[in-house]
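Enquirer: In this text, residue positions in the sequence shown follow my numbering: the first is 5, and each later residue adds one.
Think of the CB as a built atom: it goes at the ideal place given N, C-alpha and C, for glycine as much as any other residue.
Before anything else, here's the structure in question.
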Amino acid sequence: MQNQKKITLSTYLTLFRLIGAPVIIPYCIVQYSSYNNLTCNVAIAILFLFFGLTDFLDGFIARKYGQETQIGAALDHIADKFLVFSALIALLAVGKISYWWVIALIGREFFMMSLREIALEHNMKIKVSSWGKIKTAFHIMLIVWLIISPCYAVQQSARQSIQILLLCASVIISWGSALDYVSKLYFQFKK
Numbered sequence: 005m006q007n008q009k010k011i012t013l014s015t016y017l018t019l020f021r022l023i024g025a026p027v028i029i030p031y032c033i034v035q036y037s038s039y040n041n042l043t044c045n046v047a048i049a050i051l052f053l054f055f056g057l058t059d060f061l062d063g064f065i066a067r068k069y070g071q072e073t074q075i076g077a078a079l080d081h082i083a084d085k086f087l088v089f090s091a092l093i094a095l096l097a098v099g100k101i102s103y104w105w106v107i108a109l110i111g112r113e114f115f116m117m118s119l120r121e122i123a124l125e126h127n128m129k130i131k132v133s134s135w136g137k138i139k140t141a142f143h144i145m146l147i148v149w150l151i152i153s154p155c156y157a158v159q160q161s162a163r164q165s166i167q168i169l170l171l172c173a174s175v176i177i178s179w180g181s182a183l184d185y186v187s188k189l190y191f192q193f194k195k
């Protein structure tokens, strides 16, 4: 990982997500997300997907072109949290998700922030694993589904089943990845 002073393309993508997502996504969800307006909901879902894809794209560009920086890595984590938190809270505000699910998903992130602080205090690093990317992918799928599902041309019982499946999978993968990080950190402590 480079420690350069210049801002790279991947960092610009991260900054775009960091600044744009927490403003644009919640505004669109709260102002335009309607249970009866498929066009608006699909447009919001596509916009959210676009911001979500920048998460994968910035990392890909950074690795492919040797643009990995400490500031880029730090900002990427923050931008990911802002993207997901802002969308979940906006969906909660319009009644498309229960607060228990939001607490379970956001609670994991606060747990991980605490775990990272503990690791830093002991001069240890929690390396990003593939579970983190899988978790993010499930969060993106879940949020897209929550945005469009009230209008989606699927029977209500099937729609609710898909929603519960995505919610459960997101929570299980989120906390499963947290346990993976805990076990890795535990073995670092044992050394």
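Under the three-state reduction of DSSP, which class applies to T58: helix, strand or coil?
Expert: Counting from one through the sequence shown, the residue named residue 58 turns up at place 54. Helix, per DSSP.
Enquirer: Can you give me the Cβ contacts of S178 inside the same chain, cut-off strictly under 7 Å, excluding the 5 residues immediately before and after it?
Expert: The residue given as residue 178 occupies position 174 in the sequence shown. Closer than 7 Å at Cβ, skipping near neighbours: L109, R112 and K139.
Enquirer: Measuring CA to CA, which of Q164, I144, I152 and A182 is closest to W135?
Expert: Here residue 135 refers to the residue found at position 131 of the sequence shown. Ranking Q164, I144, I152 and A182 by Cα distance to W135 puts A182 first.
Enquirer: Below 8 Å on the Cβ atoms is my contact criterion, and I expect G56 with L87 to pass it. Report the Cβ-Cβ distance as a whole number of Å.
Expert: As a position in the sequence shown, residue 56 is number 52, starting the count at 1. As a position in the sequence shown, residue 87 is number 83, starting the count at 1. The pair is a contact, with the Cβ atoms about 7 Å apart (cut-off 8 Å).
Enquirer: Rounded C-beta distance between L95 and L150? I'm assuming under 8 Å.
Expert: As a first step, residue 95 is located in the sequence shown; it is residue number 91 there, counting from the start. As a first step, residue 150 is located in the sequence shown; it is residue number 146 there, counting from the start. Contact flag correct, Cβ pair sits at about 5 Å.
Enquirer: Does DSSP classify S165 as helix, strand or coil?
Expert: Taking the first residue of the sequence shown as position 1, residue 165 is located at position 161. If DSSP states are grouped into helix, strand and coil, S165 belongs with the helices.
Enquirer: Going along the chain, which residues of its own chain have a beta-carbon closer than 7 Å to the beta-carbon of L3, five neighbours each way excluded?
Expert: In the structure displayed, the chain extends from 5 to 195; residue 3 sits before or after that span and is not available.
Enquirer: Reducing DSSP to helix, strand and coil, say where S130 ends up.
Expert: What you label residue 130 is simply residue 126 of the sequence shown in a count that begins at 1. For clarity, residue 130 is Ile in the given sequence; the question names Ser instead. DSSP places I130 in coil when its eight states are reduced to three.
Enquirer: In chain order, what residues of the same chain lie with their CB nearer than 7 Å to the CB of K85, ignoring the 5 residues before and after it?
Expert: Counting from one through the sequence shown, the residue named residue 85 turns up at place 81. Closer than 7 Å at Cβ, skipping near neighbours: E113.
Enquirer: Give me, in chain order, the residues of the same chain whose beta-carbon lies closer than 6 Å to that of M117; leave out the 5 immediate sequence neighbours on both sides.
Expert: Indexing the sequence shown from 1 puts residue 117 at position 113. Contacts found: none.
Enquirer: State the CB to CB distance for the pair K188 and I130, rounded to an integer number of angstroms; the pair is presumed to be in contact (CB under 8 Å).
Expert: Translated into positions along the sequence shown, residue 188 becomes position 184. Translated into positions along the sequence shown, residue 130 becomes position 126. Their Cβ separation, rounded to whole angstroms, is 7 Å, which keeps K188 and I130 in contact under 8 Å.
Enquirer: Give a yes or no on whether the C-beta atoms belonging to F52 and I29 are separated by under 7 Å.
Expert: Translated into the one-based positions of the sequence shown, residue 52 becomes position 48. Translated into the one-based positions of the sequence shown, residue 29 becomes position 25. Against a cut-off of 7 Å, the Cβ pair of I29 and F52 comes out as a contact.
Enquirer: How many whole angstroms separate the CB atoms of L92 and L22, which I take to be in contact at a CB cut-off of 8 Å?
Expert: Start at 1 with the first residue of the sequence shown, and residue 92 comes out as number 88. Start at 1 with the first residue of the sequence shown, and residue 22 comes out as number 18. Wrong, their Cβ atoms sit about 17 Å apart, outside the cutoff.
Enquirer: Taking the C-alpha atoms as reference points, what is the distance between R67 and I50?
Expert: Indexing the sequence shown from 1 puts residue 67 at position 63. Indexing the sequence shown from 1 puts residue 50 at position 46. Using only the alpha carbons, I get a separation of about 26 Å.
Enquirer: Count the other C-beta atoms from every protein chain shown that fall within 10 angstroms of the C-beta of Q71, then say buried if there are 16 or more, exposed otherwise.
Expert: Against the sequence shown, residue 71 aligns to sequence position 67. Counting Cβ neighbours within 10 Å, Q71 comes out buried, since at least 16 surround it.
Enquirer: Could you give the distance in angstroms between the alpha-carbon of S153 and the alpha-carbon of A162?
Expert: If you number the sequence shown from 1, residue 153 lands on position 149. If you number the sequence shown from 1, residue 162 lands on position 158. So the alpha carbons of these two residues sit roughly 10 Å apart.
Enquirer: Given a cut-off of 7 Å, decide if H126 and S174 are closer than it, judged by their beta-carbon atoms.
Expert: One-based indexing of the sequence shown puts residue 174 at position 170. One-based indexing of the sequence shown puts residue 126 at position 122. Going by C-beta atoms, S174 is not nearer than 7 Å to H126.
Enquirer: I want to check one thing, is the minimum distance from the CB of L146 to the heavy atoms of the ligand ZN below 6 Å?
Expert: Judged by which ligands are present, the structure shown has none, so any question about the ligand ZN falls away.
Enquirer: Determine the direct distance from the alpha carbon of R120 to that of G63, and round the result to whole angstroms.
Expert: Residue mapping note: residue 63 aligns to position 59 of the sequence shown, counting from 1. Residue mapping note: residue 120 aligns to position 116 of the sequence shown, counting from 1. Taking the straight line joining both Cα atoms gives about 20 Å.
Enquirer: Pick helix, strand or coil for T12, following the three-state DSSP scheme.
Expert: Walking along the sequence shown from the start, residue 12 turns up at place 8. It is coil, neither helix nor strand.
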